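Numbering-wise (our numbering), the sequence shown opens with residue 9 and increments by one. A virtual CB, placed ideally from N, CA and C, is assigned to each residue, including glycine. Just so it is clear, the structure is predicted and the values come from calculations on it, not from any experiment. Data first, discussion second: the structure below is written as structure tokens.
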Amino acid sequence: MSGRILAVDPGEKRIGLAISDETACIANPLGVVTHTARDADAQTVAQIAAENQAARIIVGQALDASGEVGPAARKAQRFADALRLHTDLPVELWDESGSTKAAQSARREMGVSRKKRSGHLDDLAAAIILQTYLDAKHD
């Protein structure tokens with residue numbers, strides 16, 4: 009697999025973004041987009057994918073504890089569907105379970121102060137989602 013991959017962590021208030029390097033081995037946080045409306049958000053993410061020369065887009069999908077599709081996962085599916093209307097790039101759903109907790113742990117391990125740690129974790133969570141995807145695809 010080669011080419012940059014954009015990961016999207018869709019949330020209620022913010023959308024976290026991460027991008028891989030050109031070899032699709034390393035994920036890096038890219039930033040956060042404030043949620044407005046599904047179609048507008050999809051258009052913004054498609055534009056960011058184009059600006060970053062992404063070859064593929066991964067959308068984080070939170071499955072429930074039994075691995076089933078719940079309300080949050082359905083929202084991610086609808087966002088992925090909207091995104092497909094704004095780009096010709098492949099759009100793939102990827103299990104994001106535990107990414108926010110992993111982002112919180114990573115911030116704590118990096119020595120980020122409790123006050124700063126309470127800020128948004130969305131782009132770091134997107135990077136964790138992307139790194140799990142990249143690791144799985146390279147195995």
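Residue environment: residue 69 is assigned as buried (16 or more neighbouring CB atoms within 10 Å of its CB, all protein chains considered).
With the rule of 3 Cβ pairs closer than 8 angstroms, the stretch 128-144 counts as touching the stretch 23-34.
For residue 28, the pairing in a beta bridge is given by DSSP as 35. For the set 47, 72, 137, the Cα lying nearest the Cα of residue 94 is the one of 47.
For the pair residue 35 and residue 138, the Cα-to-Cα distance works out to about 6 angstroms.
Taking 7 angstroms as the cut-off, the Cβ atoms of residue 53 and residue 16 count as close. Going by beta carbons, residue 65 and residue 101 fall outside the 7 angstroms limit.
Judged by DSSP secondary structure, residue 73 falls outside any beta strand (DSSP E); it is assigned neither H nor E.
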